[in-house]
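Quick notes on the structure that follows.
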Amino acid sequence: MDFSIFGYQFMQNAIISTFLGGIACAVIGVFVVLMHMPFIGVAMSHAAFAGALLGVWLGFDPLIGAFGLSLVAAIVIGPLADRGELSPDTSLGVIFSLMLGVAFLFMGLMPGTKAGALELLWGSILTNTRGDIILLAIVAVVVVGLIVIFYKEIQATVFNRGIALSVGLPATIILYGIIFLTGATVTASLRSIGGLLIFSLILNPAAAAYQLTYSMKKMFILAAVFGVVSGWVGLIFSYLFNIPSGATIVITSSLIFLVAAIFSPKRKVKGWKGMLPGREKIETESEINDDR
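Residue 1045 in my numbering is what sits at position 192 of the sequence shown, and the numbering runs on without skipping anything.
Shown next, in the form of structure tokens:
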């Protein structure tokens, strides 16, 4: 491998972008996994993609369109996930299918070549600019900062929103905030990873971390590490084999999840729980217990 490639500005930008995007996406993914609402990530990623395509079609900055439609989706998704008569995943599945249809509608309405749309679909981290890095940095700092500042409130909301509300915590606001931060993270990472693949970078590192720890704090840390490793390893393979970076990053994160699932200590725990009488009463609430 020619290490001189790391001296070029575009590669340095890509390395920084994968570091920041890997942290932000993976940390948001922890909420998606623990709240058992994976369709939040799917719906928000396709909303951002549709908004970006709207920007390409009408000739304004795709990131503005992505952020705008993500905000609209967050406003709609919040009440649906919180108070809808259907299950949250059913409601979010409807939003996801709507956003996917809108995205491809905008793509079909674009005149001429679809190169700009395809770049947003698959991602092109090697074309990231300093402006993209600044946006990713702002989002990553805001996401991590809010988690650090409001950790106890967030933990209580993730564990049981009803109990959190009963003790006076603003659990509904926290839920809506998580959905909005998901949209902001997706928007900032859209150009790097692509609208079709970004959900995997949100879900896979967090799901891998979930396999390896019972502590919510450790899960945040492990997810961030897995997100960064996925980004850097995927970037290297993308350069070596001249293949799309978004695809290699997602494949790497999937392999990390596979390894974590194989060696997960929770598999052994489930094994001995299965041999106990009354095992149906044994819960896995310790998944967010920081005493372990």
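From the three backbone atoms N, C-alpha and C, an ideal C-beta is built for every residue, glycine too.
The model shown is predicted, which means the values in this text are computed figures rather than measured ones.
For residue i, which residues from the same chain have a beta carbon less than 7 angstroms from its beta carbon, with the 5 sequence-adjacent residues on both sides left out?
i       : result
His899  : Phe949, Met952, Leu953, Ala956, Gly1048
Glu1006 : Leu1022, Ile1027
Pro915  : Ala905, Gly908, Val909, Leu973
Met809  : With the chain represented from 854 up to 1145, any question about residue 809 goes unanswered, as that position is not in the structure.
Thr1035 : Ile881, Ile893, Gly894, Met897
Looking only at its own chain, which residues have a Cβ that is under 6 angstroms from the Cβ of residue i, when we skip the five neighbours before and after it?
i       : result
Pro1097 : Trp975
Val992  : Ala877, Ala1037, Thr1038, Ala1041
Ala919  : Ala901, Gly904, Ala905, Thr1040, Leu1043
Ile1031 : Phe884
Ser1091 : Ser1098, Thr1101
Gly1084 : Thr871, Gly875, Ile1102
Ala990  : Leu873
Thr1137 : With a pLDDT of 43 at Thr1137, under the threshold of 50, the modelled position of this residue cannot be trusted, and the question is left open.
Pick helix, strand or coil for residue i, following the three-state DSSP scheme.
i       : result
Asn866  : helix
Val992  : helix
Gly894  : helix
His899  : helix
Asn1013 : coil
Ser1117 : coil
Phe1079 : helix
Val1103 : helix
Ile1096 : coil
Val1001 : helix
Ile977  : Here the sequence assigns Ser to residue 977, which means Ile is not the residue at that position. Coil, per DSSP.
Phe872  : helix
In or out: residue i buried (at least 16 other Cβ within 10 Å) or exposed?
i       : result
Ser857  : exposed
Ile1109 : buried
Leu1050 : buried
Ile1016 : exposed
Thr1105 : buried
Thr943  : exposed
Output needed for residue i: all residues of its chain with C-beta closer than 8 angstroms, excluding positions within five of it in sequence on either side, in chain order.
i      : result
Ile986 : Asn866, Ile869, Ser870, Leu873
Contact between the region 1013-1025 and the region 1066-1085 (3+ Cβ pairs under 8 angstroms): no
contact_flag[the region 1055-1065, the region 1076-1091] where n(CB pairs < 8 angstroms) is 3 or more: yes
The region 1048-1057 / the region 979-988 touching (three or more Cβ pairs under 8 angstroms): no
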